[in-house]
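Here this note's numbering is used: the first residue of the sequence shown is 125, the next is one more, and so on. Note that beta-carbon positions come from the ideal geometry of N, C-alpha and C, so glycine has one too. Working notes for the structure below.
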Amino acid sequence: MLGAAGAVEAVISLKAINDGILPPTINYETPDPDCDLDYVPNEARKQEVNAVMSNSLGFGGHNAALIFQKYTD
């Protein structure tokens with residue numbers, strides 16, 4: 125699935141917006157005390173999601189970044 129990983133990540137990002145669930149960072153065990161970011165460790169979290177960024181890096185220097193935002197009237 126190496127070639128389709130970016131597409132899968134984009135779909136998961138859109139589902140996070142649609143379903144209001146943040147996917148977890150699996151196997152995150154040792155937090156760095158100097159870095160106070162919220163990594164959503166090991167379990168998904170129900171939370172309103174308004175925008176996401178999907179960043180994909182490929183062999184040979186190919187890069188793509190997609191930003192999705194919830195549509196509102």
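List the whole-angstrom C-beta distance separating Phe192 from Ala175, where the pair is believed to meet the contact cut-off of C-beta under 8 Å. Contact between Phe192 and Ala175 holds, with the beta-carbon distance rounding to 7 Å and staying under 8 Å.
Pull up the distance between the alpha-carbon of Glu153 and that of Asp197, whole angstroms please. 41 Å
Just to check my reading of the structure: Ala188 and Gly130 have Cβ atoms closer than 8 Å, yes? What is that Cβ distance to the nearest angstrom? So it is a contact: roughly 6 Å between Cβ atoms.
Residue range of the alpha helix (DSSP H) that Val176 falls in? No alpha helix (DSSP H) holds Val176; the beta strand (DSSP E) holding it covers Ala175 to Leu181.
Glu172 versus Tyr195: straight-line alpha-carbon distance, rounded: Between Glu172 and Tyr195, the C-alpha separation is close to 13 Å.
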